[in-house]
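**Q** Next up is a structure, given as structure tokens.
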Amino acid sequence: MEPHQRILVALDTTDVDHASALATALKGQVGGIKLGKEFFTANGPQGVRQVAAGDQPLFLDLKFHDIPNTVIGAIRSALKVGPFMLNVHASGGRAMMEAAVAAVAEAGENRPILLGVTVLTSLGDEDLAGMGIQGSAQDQVLRLAKLAQSCGMDGVVCSAKEITAIREVCGADFKLVVPGIRPAWASADDQKRIVTPAAAVGMGADYLVIGRPITGADDPAEAAARIGTELANA
Ligand code: C5P
Numbered sequence: 186m187e188p189h190q191r192i193l194v195a196l197d198t199t200d201v202d203h204a205s206a207l208a209t210a211l212k213g214q215v216g217g218i219k220l221g222k223e224f225f226t227a228n229g230p231q232g233v234r235q236v237a238a239g240d241q242p243l244f245l246d247l248k249f250h251d252i253p254n255t256v257i258g259a260i261r262s263a264l265k266v267g268p269f270m271l272n273v274h275a276s277g278g279r280a281m282m283e284a285a286v287a288a289v290a291e292a293g294e295n296r297p298i299l300l301g302v303t304v305l306t307s308l309g310d311e312d313l314a315g316m317g318i319q320g321s322a323q324d325q326v327l328r329l330a331k332l333a334q335s336c337g338m339d340g341v342v343c344s345a346k347e348i349t350a351i352r353e354v355c356g357a358d359f360k361l362v363v364p365g366i367r368p369a370w371a372s373a374d375d376q377k378r379i380v381t382p383a384a385a386v387g388m389g390a391d392y393l394v395i396g397r398p399i400t401g402a403d404d405p406a407e408a409a410a411r412i413g414t415e416l417a418n419a
């Protein structure tokens, strides 16, 4: 994989035209685009098709979490927009994840990468205790990453601080997709624990989810190219 192909740019907007313009401007500078619940709930599959029409690989970040039968149906619908990456909550459990693995297989050679979301980074140890989950958030992340792998999932979304521990437990082939990335020259915004793109890849990240450092730049294509160069030179 070319270094810049590790970059997945988060298009966190409800504006189809803005998202399309960014996707077009960034083509060739990033590995793909990420559209999530905010965009999808506003614009549906039609809006997604419009933005991804330039043949950009699409990470459809809808974090499904429901009974297995419903997740299968949701994934079948999601496959119609041709994503290269999809995700479900690992806390949906084994039956749900195995159902998700079977559902993505229906895409045959166009099967997307299927990721688990372990513990939302907005949750701390106390939040987990409030939900009856004993131990640290990090323990729960590792438990869910292992469970996801044993269900046939391809990888997980994780923070940079979790990369090393998950790699150790899940091995080299398990895909790690990492948000909370900030180049040294970018603002941290509301992200608290940030690492640079090169540091995250150095730790073992496969893909980097990067939003505002690119989408909020005066020249998004230039910002993406700069990150690509940093990755290439790391
Ligand atoms: O603009 P920024 O680079 O902070 O965007 C990061 C993207 O990654 C957003 O779409 C955000 O929702 C997502 N994300 C995150 N932290 C997580 C999981 C997802 O920032 N733990």
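Adding 185 to a residue's 1-based position in the sequence shown gives its number in the numbering used here. A virtual CB, placed ideally from N, CA and C, is assigned to each residue, including glycine. Please read these numbers as outputs of a predicted model, since none were measured by experiment.
Under 8 Å, with one C-beta from each stretch per pair, do the region 316–324 and the region 281–301 reach the 3-pair mark?
**A** Not touching, per the Cβ criterion.
**Q** Can you check DSSP and say which residues form a bridge with His-444?
**A** Given a span of 186 to 419 for the chain in the structure shown, any question on residue 444 remains unanswerable.
**Q** For Ile-252, I'd like the list of residues in its chain whose CB is within less than 8 Å of its CB, leaving aside the five on either flank, ordered along the chain.
**A** So the list reads Met-281, once near-sequence residues are dropped.
**Q** According to DSSP, simplified to helix, strand and coil, what is Phe-269?
**A** Reduced to three states, the DSSP call for Phe-269 is coil.
**Q** Residues bridged to Phe-244 by DSSP?
**A** In DSSP, Phe-244 forms a bridge with Lys-219 and Met-270.
**Q** Compute the Euclidean distance between the alpha carbons of Thr-400 and Asp-374, then round it to the nearest angstrom.
**A** Spanning the two alpha carbons is a distance of roughly 13 Å.
**Q** When the Cα of Phe-244 is compared with those of Val-273, Ala-227 and Glu-311, which residue comes out closest?
**A** Comparing Cα-Cα distances from Phe-244 to each of Val-273, Ala-227 and Glu-311, the minimum goes to Val-273.
**Q** State the start and end residues of the unbroken beta strand (DSSP E) segment that holds Ile-395.
**A** 392–395 is the span of the beta strand (DSSP E), which, as asked, contains Ile-395.
**Q** Out of Pro-188, Gln-235 and Asp-197, state which residue places its alpha-carbon closest to the alpha-carbon of Val-215.
**A** Answer by Cα proximity: Pro-188.
**Q** Given a cut-off of 9 Å on the beta-carbon distance, is the pair Val-354 and Leu-327 in contact?
**A** Yes, these two residues count as a Cβ contact at 9 Å.
**Q** Figure out for me which residue from Ala-383, Phe-359, Glu-407 and Thr-414 has the closest Cα to the Cα of Cys-336.
**A** Considering only alpha carbons, the answer is Phe-359.
**Q** Let me know the secondary structure DSSP gives Leu-308 once reduced to three states.
**A** Leu-308: coil per DSSP, three-state reduction.
**Q** Pull up the CB-CB distance for Asp-403 and Gly-340, whole angstroms please, since I reckon it's below 8 Å.
**A** Contact flag wrong, Cβ pair sits at about 33 Å.
**Q** Nearest by alpha-carbon distance to Phe-225: which of Ala-206, Leu-196 and Val-256 is it?
**A** It is Leu-196.
**Q** Does Lys-346 come out as helix, strand or coil in the three-state DSSP assignment?
**A** Residue state, collapsed to three classes: helix.
**Q** Any heavy atom of ligand 3 closer than 8 Å to the CB of Thr-381?
**A** Although ligand 3 was asked about, the structure shown includes only ligand 1 as ligands.
**Q** Please determine whether the Cβ atom of Ser-276 lies at a distance below 8 Å from any heavy atom of ligand 1.
**A** No.
**Q** What number of angstroms, rounded off, separates the C-alpha of Leu-220 from the C-alpha of Val-362?
**A** In a straight line, the C-alpha of Leu-220 is about 15 Å away from that of Val-362.
**Q** Any idea if Gln-241 is buried or exposed, counting beta-carbon neighbours within 10 angstroms, 16 or more meaning buried?
**A** Counting Cβ neighbours within 10 Å, Gln-241 comes out buried, since at least 16 surround it.
**Q** Alpha carbon to alpha carbon, how far is Leu-271 from Ala-290? Give it in angstroms, no decimals.
**A** Rounded to the nearest angstrom, the two C-alpha atoms are 12 Å apart.
**Q** Could you check where the alpha helix (DSSP H) with Leu-193 kicks off and where it finishes?
**A** Premise fails: Leu-193 lies in the beta strand (DSSP E), 192–195, not in any alpha helix (DSSP H).
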